[in-house]
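Residue numbers (our numbering): -4 to 111. A virtual CB, placed ideally from N, CA and C, is assigned to each residue, including glycine.
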């Protein structure tokens, strides 16, 4: 099978992110937080190291939300009816996002504290 052109791969990836923005409330909130962080990076004139840490942790939360949504959608296809095992998978996937979101808030507090 022949690989699609590189620009098609990027187009599909950006389309996936756009679908997340349009359909997932948590991703919308996390995206807003990402842009607020970008604004604060420039407004507060963070050091390069602090800015990179904020961008990495914010991007990690967004990526985790995408993975969580993909896992949940796959589970819904595999088992549309309620199943405790599927519920466990969905819960631990959501838990991973929660842990990363908490870590991002703590990171933000530790970094922004110096600038406020």
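Alpha carbon to alpha carbon, what distance is there between residue 60 and residue 22?
Spanning the two alpha carbons is a distance of roughly 7 Å.
Please classify residue -4 as buried or exposed, where buried requires at least 16 other C-beta atoms within 10 Å of its C-beta.
It counts as exposed.
Can you tell me whether DSSP reads residue 151 as helix, strand or coil?
The chain is shown only over -4 to 111; residue 151 falls outside these bounds and no answer can be derived.
So what's residue -4 in DSSP terms, helix, strand or just coil?
It is coil, neither helix nor strand.
Do residue 57 and residue 107 count as a contact pair if the criterion is CB distance below 9 Å?
For residue 107 and residue 57, no; Cβs fall outside 9 Å.
What three-state label does DSSP hand residue 74 in the structure shown?
Looking at residue 74 - three-state DSSP - the assignment turns out to be coil, as it is neither helix nor strand.
Grab the span of the alpha helix (DSSP H) containing residue 25 for me, first residue to last.
Residues 20 to 38.
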